[in-house]
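Under numbering that gives the first Met the number 0, the first residue of the first sequence is numbered 0, with each subsequent residue one higher.
Backbone N, C-alpha and C define an ideal beta-carbon position, used for all residues, glycine too.
First comes the structure, then the notes that go with it.
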Amino acid sequence: MFPQHFAYNPHAMFEQEKAHLESALRAFLKEQDVPALADIQWSQIPFSGEWGVSTSFFQAAANEARAGKKVNVPQRAAELAEGAAAHLGLPAGFSRVEAVKGYLNLYFAAPDYAARVIAEALGQGADYGQGADSGQRMMVEFSQPNTHKAFHVGHLRNMILGAALANILEFAGHEIVRANYIGDFGKDVLKWMWNYRERHLGEEPPAEDVTRWMGDLYSEANKQLDANPEQAEKEIQALFAAWEADDSDVHALWAKTRQWSLDGFNQIYDVMGIHFDRIYYESEMEKPSKQIVAKLIEDGIAIDERPDGPVIVKLDELLGNEQEHYRVLVLLRSDGSALYGAWDLALALTKFEEYELDKSIYVVDVRQSLHFEQVFKTLELAGYKDQVANVFHLPYEVVNLPGNVVLSSREGVVVLLEELIREATIRSGEIVAEKNPELDADTRAEVATAVGLAAMKYPMLARENTKVATFDWEAALDFNGQAAPYIQYAHVRANSILRRAEADLDSVAAPSHEHSESEIELIDRISQFPEIVQRAATEYKTLHITNYAFELAKAFNDFYANSPVLQADDAVRNFRLRLVAAAKVALANSLRLLGIQAPDVM
RNA sequence: GCCCCCGUAGCUCAACGGAUAGAGCGACGGACUUCUAAUCCGUAGGUUGCAGGUUCGAGUCCUGCCGGGGGCGCCA
């Protein structure tokens, strides 16, 4: 059995040698009278084909230069690398050492290393790549749909991103609470109810596409309101008053229509394979938020201008900023009703009270950056410093339509999620039927769903959060190239080999052949997975996993084309079968983190 | 007016401050009697928006411009 640290370290073998190497390097530098380095950085060697690690001597040479010695840094670095290579000789566990342009490259003794990476991946299976328990509890809040509105592709990015991020953080070693915060109340909801009472009373939503119907009525409400604003505003105001007065008819209508939306959301979450541990509702925040605001007024943080004005927090003024930055946060309307800034104060604190969180992450689009800065700063001023130190707004850019057209629930300019899911599934179904006509109808349908959803999800995750995404049908339904089906296909191929081989993967034969370039590349990729998981978790970037999964699939497809498995001699065949199984593990695990299924056939 | 983000190949995007800036799509040319060709191999394509600066070293950090997007008192 391998020592415990083996489970978490992609370069376990290197880890064993690292201490020895570093002290040897330090001794060499000291001998050369070069100022000591704070730490020695190790990195990958580009242009692989051989497998190893690398460190450079630019820093050491630069330190010399800073210390007053007259040196040409690149030249001196090359000199030091040469010297270090000579000094080290050939350390145990390595097959070759070279000095190139200031870099010292150490190549692993491949067979040994390969066998250990594969053994680790196979031994850990679904847990391969998992990080050690951090002891930290984090909440990831995402999705935040609004009832009485459409669910469109703009909401998709948030949903997919949040779900994948939660998976990644969990796998990296944190305890995760998946939270949703549903907008089930506010002026928009009243607007919807007003329109429904005027024009649709007694109607029920259709069995399918519930959120489309809800969205259509919302869009209609806005049009009606614009047509006769004065009259409409008055009536909506009256509706609000009735609500405030606990009018039972109004409350009943709200509860019933709200549920229609919630049912619709759940249908979508089911299809997308997304679940939540805790669902918060805006309607629950009204009362607690007012208590907090009262306290803020009492403490002189908020200013109460009612009834002539709202309740506000003049942040820049409180902070003594000469230049405006935080501006003004409005908490209550002049009629005393709470705005979402007030709700967010309550919600932020509720989360910590309920779960004793070490970290509270908000996956919310970038347009609300100032809002969260205001909310968090207000909490800080109110004395909730511990909580504020651990909240984090993860902003991501919006999804637009081609020509920079903004998706708008209000205008009804949307590409509906239900529609996208349906189109993607139909499209992938056609391709499955064409590529693999032997599949029975049930399997074909399953595969079509798995592939269609995957193709939708991948582009949302494979992009810097800070970059605007443009949705167009052609790109969304293009399953070729760097896309999820490519990765799923690699998984299918691996599975196919293993199915035919019916091999006993436990019998470990000593590798007896010179590894091919494609084998090394594949093993290298497999070994990187745990490291990539940690990086993605630390940086909150799903992008690292999507890129990794694609590179891994590419390495596998290259291996597949160049290295026959089933026809190879026994020893090679046995080694390659284990390698294929290890690759399948890494592919399946990385797809799982992304919320993408890994089918066995397609 | 103030603040934030983006600008890399024709298009969509990558690139812990490090070696020759890489993929996919599109274009062109090859590879299926062989584990599923949803694949693989090759060719073409770049003043990383512009100008300075920091650094041994800048697509990456800093400053200023240009272009695009977004936010900024009673929507969420």
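Check                                                                                                                             : Outcome
Cut-off 8 Å between Cβ atoms - residues of its own chain near Glu520, not counting five sequence neighbours on either side        : Ser47, Gly48, Ala554, Asp557 and Phe558
Buried or exposed (CB count within 10 angstroms, at least 16 for buried), Gln386                                                  : buried
The beta strand (DSSP E) enclosing Phe56, as first and last residue numbers                                                       : Counting along the chain, Phe56 falls outside any beta strand (DSSP E), and DSSP gives it neither H nor E.
Pick from Phe56, Leu164, Gly185 and Ala585 that is closest to Ile273, judged by C-alpha positions                                 : Leu164
Between the CA atoms of Asp215 and Pro204 - distance to the nearest angstrom                                                      : 11 Å
Own chain, CB closer than 8 Å to Glu417, minus 5 neighbours either side, in chain order                                           : Phe150, Glu207, Asp208, Thr210, Arg211 and Ile267
Cβ pair Asn62, Val33 closer than 9 Å                                                                                              : yes
Under 9 Å between C-beta atoms of Glu281 and Glu234                                                                               : no
Contact belief for Tyr102 with Ala80 at Cβ below 8 Å, rounded distance in angstroms                                               : 6 Å
8 Å CB neighbourhood of Tyr96 in its chain, flanking five on each side removed                                                    : Checking the displayed sequence, the identity of residue 96 turns out to be Val instead of Tyr. For Val96, where only same-chain residues beyond five positions count, the Cβ hits under 8 Å are Ala84, Leu87, Gly88, Leu89, Pro90, Leu103, Asn104, Leu105 and Tyr106.
Contact the segment 310 to 319 vs the segment 327 to 340: 3+ CB pairs below 8 Å                                                   : yes
Proximal residues to Leu346 (C-beta, below 7 Å), its chain only, five neighbours per side dropped                                 : Tyr180, Tyr279 and Met284
Beta-carbon gap between Asn494 and Val600 smaller than 9 Å                                                                        : yes
Phe1 classed as buried or exposed, judged by whether at least 16 other C-beta atoms fall within 10 angstroms                      : Confidence at Phe1 is low in this model, with a pLDDT of 27, below 50, so the placement of that residue should be treated as unreliable; the coordinate-derived value is given next. Under this definition Phe1 is an exposed residue.
Beta-carbon proximity check, Val52 vs Gln43, cutoff 9 Å                                                                           : yes
Asn561, enclosing alpha helix (DSSP H) - first and last residue                                                                   : Leu542 to Asn561
Close beta carbons around Tyr7, own chain, < 7 Å, minus the five adjacent residues each side                                      : Since pLDDT at Tyr7 reaches only 33, below the 50 mark, its modelled position is unreliable, and the value read off the structure follows with that caveat. Within the same chain, Tyr7 has close Cβ partners Gly130, Ala131 and Pro529.
Range covered by the beta strand (DSSP E) that runs through Ser94                                                                 : Phe93 to Val99
Own chain residues within Cβ distance below 6 Å of Phe351, not counting five before or after                                      : Gln386
Cross-strand partners of Leu105 (DSSP beta bridge)                                                                                : Val52 and Val96
Counted within 10 angstroms of its Cβ, other Cβ atoms place Ala337 as buried (16 or more) or exposed                              : buried
Residue interval of the beta strand (DSSP E) (run including Pro611)                                                               : Missing from the structure shown is residue 611; the chain here goes from 0 to 601 and no further.
Same chain, Cβ closer than 7 Å to Gly335, neighbours up to 5 away in sequence not counted                                         : Arg305
Opening and closing residue of the beta strand (DSSP E) in which Leu331 lies                                                      : Val327 to Leu331
Burial state of Glu169, where buried means 16 or more other Cβ atoms lie within 10 Å                                              : buried
Separation of Ser55 from Ala76, as counted between CA atoms                                                                       : 7 Å
Contacts around Ser288, its chain only, beta-carbon distance under 7 Å, and the 5 residues preceding and following it disregarded : Ala337, Ala341, Trp342, Leu344 and Ala345
9 Å Cβ cutoff met for Val374 and Tyr395                                                                                           : no
Rounded Cβ spacing between Tyr217 and His147 (contact assumed at less than 8 Å)                                                   : 6 Å
Enclosing beta strand (DSSP E) for Ile300 [first to last residue]                                                                 : From DSSP, Ile300 is part of no beta strand (DSSP E); its letter is neither H nor E.
Proximal residues to Ala474 (C-beta, below 8 Å), its chain only, five neighbours per side dropped                                 : Pro458
Helix, strand or coil at Ala244 [DSSP, three-state]                                                                               : coil
Under the three-state DSSP convention, the category Val450 falls into                                                             : helix
Nearest-angstrom beta carbon gap, Ala453 and Ile595 [assumed within contact, 8 Å]                                                 : 4 Å
Leu24 burial status per 10 Å Cβ neighbour count (16 or more: buried)                                                              : buried
Minimum C-alpha distance to Gly92 - residue among Ala98, Lys100, Val99 and Ala108                                                 : Ala108
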